[in-house]
Amino acid sequence: KADLYSQRWADWPRKPANCEVPENLRCMICARVALGEIYEATRSDDSLRRPPLGRDNTRCDSLVGVPRDRGGCVDYDEFVIFKPGQAVPQFVIEYEHLPECQCRFCGSWD
């Protein structure tokens, strides 16, 4: 899923001119996240702009998109937080796809 939220360095609109980075470099941030009270969403809701109400009628701290195999609408657990202070970056992971990669971003789909 990380590739959905990353760009190739070569595609960055405002990269520094004096920075030499491999063209296909991708980066992912691994963070420690405080989820608190989690709301389980089994269907998409584009209207959400703040945490939904939980069981006790107070705002939840985060939301999880429930996977289809558990009655939801996404492929994997997808967590959403609503306050920047809930996440603390721990690592930056740099990676590239292998030349023989046939994922939907690299492979040709004839």
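The sequence shown stops at residue 111 when you use the working numbering, and every number in between is there. Just so it is clear, CB atoms sit at the ideal spot from N, CA and C, and this is done for glycine as well.
In the structure shown, G73 adopts coil according to DSSP, grouped into three states. Counting only runs of at least 3 residues, the stretch 18-100 fully encloses the following beta strand (DSSP E) elements, listed from N- to C-terminal order: 27-34, 39-42, 63-66, 79-82 and 88-96. About 5 Å separates the Cβ atoms of G66 and A42, confirming a contact at the 8 Å cut-off. With fewer than 16 other CB atoms across the displayed protein chains lying within 10 angstroms of its CB, L54 is exposed.
In this structure, the alpha-carbon of K84 lies about 34 Å from that of E21. In this structure C104 is exposed. Its beta-carbon is surrounded by fewer than 16 other beta-carbon atoms within 10 angstroms. Beta-carbon to beta-carbon, D76 and R69 are separated by about 7 Å, close enough to satisfy the 8 Å threshold.
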